[in-house]
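Here is the structure we will look at, set down as structure tokens.
In the working numbering, the protein residues as written are 8 to 161.
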């Protein structure tokens, strides 16, 4: 069963290996017990993510990652196996990776984990306790998919 869709716009294909994103996404979902769920990953640029951020969050600037969960709201029962969509700006991820002095691949892992955890209901903005739970789970997942054990969550 194909449960993972990855859309990468043409400008980002040169920078991001689809097979790596697919492998890491599967590892994350398996670790979360969601290996039979469907998810879409969109990798794009700052212009497109800014439009999405403005439309859905009312914030007119680019961001690094957006998550669109399908497991909440009045229609959550219609498609119980559909987790939702994660949208990552490769452009912002690259800038953040350069600034933090680690690879784009490592930064993409951090953002992928962050977005997927939001799909699973984690919310670092709800409370300090919720933020700590999300940080702990993020670090646990990062250690499973990255070889650089000095890499931390953001």
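Ideal placement from N, C-alpha and C gives every residue a C-beta, glycine not left out.
| Asked | Found |
| --- | --- |
| Verify whether the separation of the beta carbon atoms of residue 96 and residue 152 is less than 8 Å. | no |
| Helix, strand or coil: how does DSSP classify residue 79 here? | coil |
| Please list the terminal residues of the continuous beta strand (DSSP E) segment that includes residue 122. | Counting along the chain, residue 122 falls outside any beta strand (DSSP E), though it belongs to the alpha helix (DSSP H) covering 111-126. |
| Rounded to whole angstroms, what is the Cα-Cα separation between residue 29 and residue 70? | 22 Å |
| Which residues does DSSP list as the beta-bridge partners of residue 45? | 89 |
| Over what stretch of residues does the alpha helix (DSSP H) that includes residue 137 continue unbroken? | 135-152 |
| In terms of alpha-carbon separation, which member of 23, 94, 132, 90 lies closest to residue 58? | 94 |
| Going by C-alpha to C-alpha distance, which of 74, 129, 103, 46 sits closest to residue 56? | 74 |
| Which residues in the same chain as residue 68 place their Cβ atom closer than 7 Å to its Cβ, once the five residues preceding and following it in sequence are excluded? | 57, 60 |
| Can you tell me the Cα-Cα spacing of residue 31 and residue 65, whole angstroms? | 30 Å |
| What do you get for residue 9, buried or exposed, if any count of 16 or more other CB atoms within 10 angstroms of its CB means buried? | With a pLDDT of 46 at residue 9, under the threshold of 50, the predicted position of this residue should be treated as unreliable, and no value is reported. |
| Do you know offhand how far residue 135's Cα is from residue 76's? | 22 Å |
| For residue 25, name the three-state secondary structure that DSSP assigns. | helix |
| Is the Cβ-Cβ distance between residue 46 and residue 36 less than 8 Å? | yes |
| Can you give me the Cβ contacts of residue 131 inside the same chain, cut-off strictly under 8 Å, excluding the 5 residues immediately before and after it? | 137, 138, 141, 142 |
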